[in-house]
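What follows is one structure encoded as structure tokens, with my remarks underneath.
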Amino acid sequence: MTSSQSAPADEQRMAQLWIRFKADDEKAFDQLVQARYRVLFNYATRFTNDRDLIKDCLQDLFLELWNRRAVIVETPYVTIYLIKAFRNNLFRRIRREMARPFVSDETLEWETIATEELTADHKWIADERLVSTEQSLRQAVDRLPKRQQEVVFLKFYEGLTNDDIAQVMAIEKQTVANFLYRAMTQLRTILPVRLFS
């Protein structure tokens with residue numbers, strides 16, 4: 001990461017928890033797991049829809065972290081460290097077990113925001129529009145090559161910078177920019193113009 005502005009809002013807290021976890025603080029470790037479990041789980045759904053495999057890999061990762069806490073490096077960028085470690089474990093496991101081919105999960109969870117002032121009908125219409133837009137976007141992203149899907153997910157769903165994505169995927173920063181450019185170009189040809197306004 002090149003600036004503190006690019007870090008997730010709670011990354012400083014995560015770094016403090018990381019230090020405490022390395023010093024055998026179980027409570028800090030539990031807080032780390034709770035804070036990043038969903039991020040890692042959602043990230044893995046870009047590669048496989050085998051939710052049991054994802055959960056197993058997460059459990060293995062956190063068990064390995066706890067067992068190796070004394071020798072794990074200190075880092076101010078815990079989220080990047082966890083995503084990179086999890087990505088490596090997941091890919092190893094998928095290759096080792098010859099799991100299903102990489103597929104996208106159609107069940108990403110989305111939150112809708114509604115105010116109390118909206119009537120039930122207005123809320124229903126707003127929800128239908130949001131679901132339709134999200135489905136169109138998800139289907140379009142699913143048509144991208146897998147590496148572009150991963151870059152789009154990390155950039156727009158997880159809010160990582162190009163530098164962070166390059167670290168996670170072990171590629172050059174320029175390659176990340178190229179993937180993003182190609183992905184956005186292709187999405188603009190697939191999606192209705194209103195999604196980009």
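Just so you know, UniProt numbering puts the end of the sequence shown at 197, numbered straight through with nothing missing.
Heads up, the beta-carbon is just placed ideally off N, CA and C, and yes, glycines get one too.
These numbers were taken from a predicted model, which means no experiment stands behind them.
Legend entry - Element boundaries [alpha helix (DSSP H), containing LEU65]: Unbroken alpha helix (DSSP H) run through LEU65: 51 to 67.
Inset, instruction - Measure the beta-carbon distance from LEU58 to PHE41 and round it to whole angstroms, keeping in mind my assumption that it falls under 8 Å. - result: Their Cβ separation, rounded to whole angstroms, is 7 Å, which keeps LEU58 and PHE41 in contact under 8 Å.
Legend entry - For ASP142 and TRP124, the rounded distance between their alpha carbons: Reliability fails at TRP124, whose pLDDT of 45 lies under 50, so the model's placement of it is uncertain and the value that follows must be treated cautiously. Computed Cα separation, rounded: 26 Å.
Inset, instruction - Report buried or exposed for ASP24, applying the criterion of at least 16 other Cβ atoms within 10 angstroms of its Cβ. - result: Counting C-beta atoms within 10 angstroms of its own C-beta, ASP24 has fewer than 16 neighbours from the protein chains shown and is therefore classed as exposed.
Legend entry - Buried versus exposed call for ASN162 [16 or more other C-beta atoms within 10 Å across all chains shown]: Result: buried.
Inset, instruction - Compare the beta carbon distance of THR75 and VAL39 with 8 Å and say whether it is the shorter of the two. - result: No, they are not a contact pair.
Legend entry - Coil, strand or helix - ASP152 by DSSP: Checking the sequence, you will find Val at residue 152 rather than Asp. Secondary structure at VAL152: helix, using DSSP grouped into helix, strand and coil.
Inset, instruction - Between the Cα of LEU32 and those of ASP56, LEU61, LEU53, ARG51, spot the shortest distance and give me the residue it belongs to. - result: Of the candidates ASP56, LEU61, LEU53, ARG51, LEU61 places its Cα closest to the Cα of LEU32.
Inset, instruction - Mark ARG188 as exposed unless 16 or more other C-beta atoms lie within 10 angstroms of its C-beta, in which case mark it buried. - result: When all chains shown are included, ARG188 counts as exposed.
Inset, instruction - Spatial neighbours of ALA183 within its chain, please: CB distance less than 6 Å, with the 5 preceding and 5 following residues excluded, ordered by chain position. - result: The beta carbon of ALA183 is closer than 6 Å to those of LEU144, GLN148, VAL152 in its chain, skipping five residues each way along the sequence.
Legend entry - beta strand (DSSP E) segments (min. 3 residues) lying fully within the stretch 12 to 41: Within the stretch 12 to 41, no complete beta strand (DSSP E) segment of 3 residues or longer occurs.
Legend entry - Backbone CA spacing between TYR37 and GLN174 [nearest angstrom]: Rounded to the nearest angstrom, the two C-alpha atoms are 29 Å apart.
Inset, instruction - Decide if PHE91 is buried, meaning its Cβ has at least 16 other Cβ atoms within 10 Å, or exposed. - result: With fewer than 16 other Cβ atoms within 10 Å, it is exposed.
Legend entry - For ASN49 and THR107, the rounded distance between their alpha carbons: Confidence in THR107 is poor, its pLDDT being 31 and thus under 50, which makes the residue's placement unreliable; the coordinate value appears in the next sentence. Cα to Cα, THR107 sits roughly 9 Å from ASN49.
Legend entry - CB-CB length for LEU65 against ARG93, believed under 8 Å: Between LEU65 and ARG93 a beta carbon distance of about 16 Å is seen, past the 8 Å cut, so the two are scored as non-contacting.
Inset, instruction - Note down the Cα distance separating ALA28 from ILE72, rounded to an integer number of angstroms. - result: Linking ALA28 to ILE72 through their CA atoms gives a straight-line distance of about 15 Å.
Legend entry - Residue closest to MET169, alpha-carbon to alpha-carbon, out of ASN89, GLU150, GLN34: Nearest C-alpha to MET169 among ASN89, GLU150, GLN34: GLU150.
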